[in-house]
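Numbering (mature numbering (1 follows the signal peptide of the UniProt record, and there is no 0)), first residue to last: -33 to -1, 1 to 50.
Structure, rendered in structure tokens:
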């Protein structure tokens, strides 16, 4: 007569399988590049439209993106670069 698998062995096997699957998903993630932020060198005046700031940062400064952020009492254009 075949011996049944004990509850402990079955639980251990399931946890081990879950760990292996989880570890394989974690290793498959691509490395994310860190972004460095700096105030735009080409923007003049206050920044109210993020889309315009983003376009200028990409086209004139070679940044990956740009956005309007609070700076002191107003808003300024900040560009984001890969560190």
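Note that the Cβ used here is the ideal one computed from N, Cα and C, for glycine as well.
message: Contact between the segment 4 to 18 and the segment 26 to 44 is defined here as three or more beta-carbon pairs at a separation below 8 angstroms; is this criterion met?
response: Cβ pair count under 8 angstroms is three or more, so yes.
- prompt: What three-state label does DSSP hand residue 36 in the structure shown?
  reply: Residue numbering aside, residue 36 sits at position 69 when the chain shown is read from its first letter. Three-state result, residue 36: strand.
query: Smallest Cα separation from residue 41: which of 48, -24, 14, 18?
result: If you number the chain shown from 1, residue 41 lands on position 74. Selected option, being the one with the closest Cα: 14.
query: Are residue 24 and residue 50 touching if we call contact CB-CB under 8 angstroms?
result: In the chain shown, counting from the first residue as 1, residue 24 sits at position 57. In the chain shown, counting from the first residue as 1, residue 50 sits at position 83. Taking 8 angstroms as the Cβ cut-off, residue 24 and residue 50 do not qualify as a contacting pair.
- request: Please report the residue range of the alpha helix (DSSP H) in which residue 24 lies.
  value: One-based indexing of the chain shown puts residue 24 at position 57. Start and end: 17 to 28.
task: Reducing DSSP to helix, strand and coil, say where residue 41 ends up.
output: The count along the chain shown starts at 1 and reaches residue 41 at position 74. Three-state DSSP puts residue 41 in a strand.
query: So, is residue -21 buried or exposed, given that buried needs 16 or more other C-beta atoms within 10 angstroms?
result: Position 13 of the chain shown, counting from 1, holds the residue named residue -21. When all chains shown are included, residue -21 counts as exposed.
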